[in-house]
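For reference, the structure discussed in these notes is given below.
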Amino acid sequence: MSDTICVLGIDAADYELAKEWDCDNLLLETSNRLTVEPYSLDVPATLEVWPSIATGASPDDHGITLHPTESGEFEIRQFLTLFGSKLPDPVKKPLKRAYNEVSSTGYPTTDRESMFQKGTVYNWPGVTPCYDWDRELEWFRGVQNGDVSESEFCQRSFGLAGKGVGWLRSQAMMNVPIAGAHVHYLDSTGHIYADRPERLREHYERMDELVAELRDRTDHLLIVSDHGMKTAAVDDAELGVHSMRPFISSSKDAELPGHVLEIREWVEKLVDGEMEFEDASEIDAPTEHLADLGYL
């Protein structure tokens, strides 16, 4: 298999839901919950967290925020589209005012270097233009407007998730040192099915099965999320709002970072070969001793 370190960013993959529904391929060999601090809002915002993960810098430092003078019209529009209806008026009204006051559009990208400098990256908010994410948000608005059915949206969105996973596989085949891709599938379906956990579970299991395809074909897979999703599955209040339950997982047994801002440094040590891993199935006891004990 390839030595490429594949980093799959799964938006809104919730640690508690992944454990509750036994998504072993999302949790991989080892996993832990990540600490994330909200910046512009009371909950983590997709646009702000992903560049923090990639750069190891806070929104103050990487410059990608929901503030209209820095991030533009489209970012506020997309945020309101995804879960603006769930926000209390004191939060929603200022965002709407800001949206009406700005005229620039497009996804902002940070000038800071990221953990992907020695490799390639695809559809990563704050780092790349994210055309797939843009397209998915258009479809999501179609669901809200009644122009796109839920089933059709999920089919399209899962297709984009497959595109991201397939892209990682292709980069691993080219033996780049590190490749990263972001997919939005669990965020969109999390907002849609927050109060229908049995339906949301289907999408988690589908994503888990898709990741299995990549896991079997890469030597080192990392999965990271930016936040979770409040749902009826774990008796949350404010259903459909981002939760504080992001996580990181690794296909190799390792001590993982505990904060989103620690991920870049940790990953760069992997790329530079500064970490060693033991095969989880390796047995350290001498073979002769095991034979004497009757184990072999």
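Letter 50 of the sequence shown, counting from 1, is numbered 50 in the numbering used here, and no numbers are missing. From the three backbone atoms N, C-alpha and C, an ideal C-beta is built for every residue, glycine too.
Note on geometry: alpha-carbon atoms of Leu-221 and Ala-181 lie some 12 Å from one another. DSSP places Gly-258 in the coil class of the three-state scheme, outside both helix and strand. Measuring C-alpha to C-alpha distances from Val-49 to each of Arg-141, His-259 and Glu-268 identifies His-259 as the nearest. Your pair Thr-30 and Ala-254 checks out as a contact, with CB atoms roughly 6 Å apart and the cut at 8 Å. Of the candidates Trp-266, Asp-226, His-242 and Ala-212, His-242 places its Cα closest to the Cα of Ile-192. Of the other Cβ atoms in all chains shown, 16 or more fall within 10 Å of the Cβ of Lys-252; this residue is therefore buried.
Look at the region 5-61 and you find these whole runs of beta strand (DSSP E), each 3 residues long or longer: 5-10 and 30-33. Taken through DSSP and simplified to helix, strand or coil, Ile-64 comes out as coil. The beta carbon of Thr-120 is closer than 7 Å to those of Gln-171, Val-176 and Ala-179 in its chain, skipping five residues each way along the sequence. A distance below 7 Å between beta-carbons, with the five flanking residues on each side excluded, links Asp-219 to the following residues of its chain, in chain order: Met-1, Ser-2 and Asp-3.
By the Cβ test, the region 222-229 is in contact with the region 8-19, since at least three Cβ pairs between them sit closer than 8 Å. In this structure, the straight-line span from the alpha carbon of Phe-140 to that of His-203 is close to 16 Å. Scanning its chain for C-beta atoms nearer than 6 Å, with the 5 sequence neighbours on each side dropped, one finds no residue around Lys-163. DSSP places His-220 inside the beta strand (DSSP E), whose first and last residues are 220-224. Under the DSSP definition of a beta bridge, His-191 lacks any partner. In this structure, the beta-carbon distance from Leu-47 to Pro-129 does not fall below 7 Å. In this structure, the CA atom of Val-271 is about 7 Å from the CA atom of Ile-5. Residues of the same chain with a CB within less than 7 Å of the CB of Trp-133, apart from the 5 flanking positions on each side, are Asn-123, Pro-125 and His-184 in chain order. Going by DSSP, Tyr-122 is part of the beta strand (DSSP E) stretching over 120-122. Here Thr-55 is buried, its C-beta having at least 16 other C-beta atoms within 10 Å.
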